[in-house]
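The structure appears below as structure tokens.
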Amino acid sequence: MNRILTLVGLLISSSAFAATYVTSDAKTKTATLIVNASEGSAGGGLNFNGAVRGAKTFTVPAGWKVVLKFKNLGMMGHSAIVTKGKTPPNSITTKDAAFPKAYTPKLVEGMAMNAAADFKFSANTAGTYNIVCGVPGHNLGGQWLGLVVSSSAKAATYK
Ligand SMILES: [Cu+2]
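Quick note: the sequence shown uses this note's numbering, first residue 34, plus one each step.
Take a look at the structure:
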């Protein structure tokens, strides 16, 4: 019995962990993405959610609304923007946003430690995108995640 309870506990905690960075609401067709800059030491802090160089990818069904909740956990300034393509552009301005207003404040200078900001956009065009820090050099340092807007996905995922 104890072993069963332990197993149930593990299953609950592992699924809760997997859901940490994404919430998928099919009713309202809304995906909520958590993007924490500098979570732990991967990439010398140039990471999102502890992942570097697109090692993790959000997938969002095409036509859904996306709420991206950004927070900077690091001491350096960081930001986030959604850009088009498999890898981010070399130098980044707000003009690189793949969707209108799909970026945080202080894109180039970076937001301060513990600062947070949300932005919203409609994922209305299927394709391959990324979420990248706009502070110069941070993209080359690997501070970006993948983002796929999928015509076939039924739920938002992060893996
Ligand atoms: Cu950064």
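All residues carry an ideal CB built from backbone N, CA and C; glycine is no exception.
Helix, strand or coil at K128 [DSSP, three-state]: helix
Cβ-based neighbour list, V85, same chain, cut-off 6 Å, excluding 5 preceding and 5 following: A75, G76 and G175
Just the residues with CB closer than 5 Å to a heavy atom of ligand 1, in chain order, which are they? H111, C166, V168, H171 and Q176
Name the one or two DSSP bridge partners that A54 has. One detail in the question is off: residue 54 reads as Tyr in this sequence, not Ala. In the DSSP output, where bridge partners are listed per residue, Y54 has none listed.
May I have the straight-line CA-CA distance separating S57 from A159, to the nearest angstrom? 17 Å
What number of angstroms, rounded off, separates the C-alpha of L140 from the C-alpha of L180? 18 Å
Using the Cα positions of A135 and S71, report the straight-line distance between them to the nearest angstrom. 20 Å
Could you check the C-alpha separation between L66 and E142 for me, to the nearest Å? 23 Å
Can you tell me the Cα-Cα spacing of M144 and M109, whole angstroms? 8 Å
Do G96 and A189 count as a contact pair if the criterion is CB distance below 8 Å? no
With distances taken Cα to Cα, identify the nearest neighbour of T137 among T92, K89 and N69. N69
Of all the options G107, A150 and Y191, which has the alpha carbon lying nearest to the alpha carbon of L101? A150
Could you pull out every residue in the same chain whose Cβ sits closer than 8 Å to the Cβ of K62, ignoring the five residues on either side in sequence? P94, G96, W97 and K98
Beta-carbon within less than 6 Å of D129's beta-carbon, same chain only, minus the 5 sequence neighbours each way: which residues are those? T116 and P122
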